[in-house]
Amino acid sequence: MEIARVSQVCPEHLGFIRANGDRHIRQKSFDYYKAGGSEGDILLEYRIDGELVGLSFTACPNGHSKYSITVVRRDFRNRGIGTALLKAKKELAAARGCQLRSLVAQSNTPSVRMCSRVFSTREVQDGKYLFYDGGAPCAE
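In our numbering, the protein residues as written are 352 to 491.
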């Protein structure tokens, strides 16, 4: 098992997101990712025996995360993979001076649980989303 930082989007990633991503993934995030993102974005893979089982992506323009996707293959969920990816992404973002934030639909129970394990602050927005704030950028 290993988390690896990769430098560019590939067709395998797009197929993985389509096959394993929940309906809660915001179209803007997917479209940005599909377009290839930009330099400085954070892209992590989680592979077991060379097989992609988790993927996490965040754009970090101007010191704040903008688009974010974390997807774990359905048959590998509830094993801590998403949490490990999100923690690694938070650490990388902090090292770059980027404040990691996440907007999660309250109905997306797996993502709510995952974000609650990693982020210390959350608030309700528009009655249907939870906003998680990673706090000031600093190494843990």
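We put the CB at the ideal spot given by N, CA and C, even for glycine.
In this text, all values refer to a predicted model and were calculated from it rather than measured experimentally.
| query | result |
| --- | --- |
| Three-state secondary structure assigned by DSSP to G414 | helix |
| The segment 436–448 touching the segment 399–412, judged by at least three CB pairs closer than 8 Å | yes |
| D392, buried or exposed, once every other Cβ within 10 Å from all chains shown has been counted against 16 | buried |
| C-alpha gap between L481 and V463, whole angstroms | 8 Å |
| Supposed close pair G414, C449 - CB separation, criterion 8 Å | 6 Å |
| In DSSP terms, what S407 is bridged to | L395, T421 |
| Straight-line Cα distance separating C466 from K441 | 11 Å |
| Within 7 Å, strictly: CB atoms of D484 and R452 | yes |
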